[in-house]
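Trainee:
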Ligand code: NCD
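In the numbering used here, the protein residues as written are -13 to 279.
(1) Say yes only if the C-beta of residue 92 is nearer than 7 Å to one or more non-hydrogen atoms of the ligand NCD, and no if none qualify.
(2) Under a Cβ-count criterion, where at least 16 other Cβ atoms within 10 Å of its own Cβ denotes burial, should residue 211 be classed as buried or exposed?
(3) In this structure, what does DSSP give as the bridge partners for residue 181?
(4) How many whole angstroms separate the CB atoms of residue 27 and residue 35, which I take to be in contact at a CB cut-off of 8 Å?
(5) Taking 7 Å as the cut-off, does the CB of residue 148 come closer than this to any heavy atom belonging to the ligand NCD?
(6) Within 7 Å: the Cβ of residue 36 and any heavy atom of the ligand NCD?
(7) Please report how far the alpha carbon of residue 243 lies from the alpha carbon of residue 47, in whole angstroms.
(8) Starting from residue 33, trace the beta strand (DSSP E) in both directions and tell me its first and last residue.
(9) Mind reading off the beta-carbon distance from residue 267 to residue 8? Whole number of angstroms is fine, and I expect it under 8 Å.
(10) Would the beta-carbon of residue 114 fall within 8 Å of that of residue 276?
(11) Give me the DSSP bridge partner(s) of residue 242.
(12) Name, in chain order, the residues that DSSP records as bridge partners for residue 255.
(13) In the DSSP assignment, what are the bridge partners of residue 112?
(14) Could you compute how far the alpha carbon of residue 98 sits from the alpha carbon of residue 88?
(15) Does the beta-carbon of residue 109, which I'm using as the reference point, lie nearer than 7 Å to any heavy atom of the ligand NCD?
(16) My parser needs the alpha helix (DSSP H) runs of 4 or more residues fully inside the region 36 to 112; what are they?
(17) On the three-state DSSP scale, how would you describe residue 302?
(18) Measuring from the CB of residue 283, is there a heavy atom of the ligand NCD at a distance below 7 Å?
(19) Could you tell me whether any non-hydrogen atom of the ligand NCD is closer than 7 Å to the CB of residue 218?
(20) Among the residues of its own chain, which have a CB less than 6 Å from the CB of residue 133, if the five just before and after it don't count?
(21) Following a CB-centred definition, is residue 113 positioned closer than 7 Å to any heavy atom of the ligand NCD?
(22) Identify which residue in 40, 144, 11 has its Cα closest to the Cα of residue 180.
(23) For residue 24, does the three-state DSSP call read helix, strand or coil?
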């Protein structure tokens, strides 16, 4: 049974198949390949893009989707998550899509080997479909020529599951990653090049991935004043000048803290392209896990 806890479970061939299927689905919607399959989504953390993107992807392939609202579920009555999951599996879904604040939840449920488990974001550990859609966005822009491209990840890297998954996947694909963050946002142990100021990498990168401060994961406030943080880390017109650097962000964007209003409207900004690609990438992932594996 194939799960997607993080992209390291996928072979390079499978990653290439996802990129190819994504491009095909984007060019022309496929027939309902997952007609009458059933997926359950189980989101223990807030989500705008990821949950609706999975739902739209599933429906575009002809599958049905049932959402469980964990706020109203029996885990609130003391049932363990494993028991809730086993009960849902007893109803015969073809896959469960889960988001949770703890790093190891998708892996624990996947180990039960009841249905394919798809991680839609786990703690600060992994967000594999975001990494795949980020990869696809680069793959499309650079026309398949990814090796040696230079990506700087800027912001709250240590608390970001998107950064964690992007770093693992991008390095595997030969993309060079560097990290830019103030000390409290920088992972302590990494062999990647680290910088404190964006200006240090600006003349040497093809892409900047900006990240939101993951306030919900900070035990106590890290900065009193995000205006001061923005002064150094916000991606602005003044900072970029006429450099042809692509700007990406997984959303939600904190306007004028992560990225300025003008850059959000600039053709170099890929934020909505990422969201658009996300649906097709998730269609490709669902096809791979439910049909091809
Ligand atoms: C991210 C997440 O939840 O990990 N958003 C997303 O899924 N696109 C990033 C974030 O919340 O900052």
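Ideal placement from N, C-alpha and C gives every residue a C-beta, glycine not left out.
Mentor: According to the structure data:
(1) At a threshold of 7 Å, residue 92 does not count as near the ligand NCD, since its beta carbon sits no closer than that to any of the ligand's heavy atoms.
(2) Burial call: exposed.
(3) In the DSSP assignment, the residues bridged to residue 181 are 166.
(4) Their Cβ separation, rounded to whole angstroms, is 13 Å, which puts residue 27 and residue 35 out of contact at 8 Å.
(5) Yes; taking the cut-off as 7 Å, the Cβ of residue 148 has a heavy atom of the ligand NCD nearer than that.
(6) Taking the Cβ of residue 36 as the reference point, at least one heavy atom of the ligand NCD falls within a distance shorter than 7 Å.
(7) Their backbone Cα atoms lie some 37 Å apart in a straight line.
(8) Membership of residue 33 in any beta strand (DSSP E) is not indicated, and neither H nor E is assigned to it by DSSP.
(9) 5 Å between Cβ atoms; contact.
(10) Not closer than 8 Å, so no.
(11) When DSSP reads this structure, residue 242 sits in no beta bridge, so it has no partner.
(12) DSSP, once it has assigned bridges, lists 233 as partnering residue 255.
(13) Partner(s): 108.
(14) Straight-line measurement puts the Cα of residue 88 at about 17 Å from the Cα of residue 98.
(15) Within the chosen limit of 7 Å, the ligand NCD does not reach the beta carbon of residue 109 with any heavy atom.
(16) If you keep only unbroken alpha helix (DSSP H) runs of at least 4 residues inside the region 36 to 112, you get 67 to 75, 91 to 97.
(17) Residue 302 lies beyond the residue range present for the chain, which begins at -13 and ends at 279; the question has no answer from this structure.
(18) The structure shown does not extend to residue 283, since the chain is modelled only from -13 to 279, so the question has no answer here.
(19) No - the ligand NCD has no heavy atom lying nearer than 7 Å to the Cβ of residue 218.
(20) Once the five neighbours on either side are set aside, the close Cβ partners of residue 133 are 160.
(21) At least one heavy atom of the ligand NCD is nearer than 7 Å to the Cβ of residue 113, so yes.
(22) When each option's Cα is compared against that of residue 180, the closest is 144.
(23) For residue 24, the secondary structure class from DSSP, reduced to helix, strand or coil, is strand.
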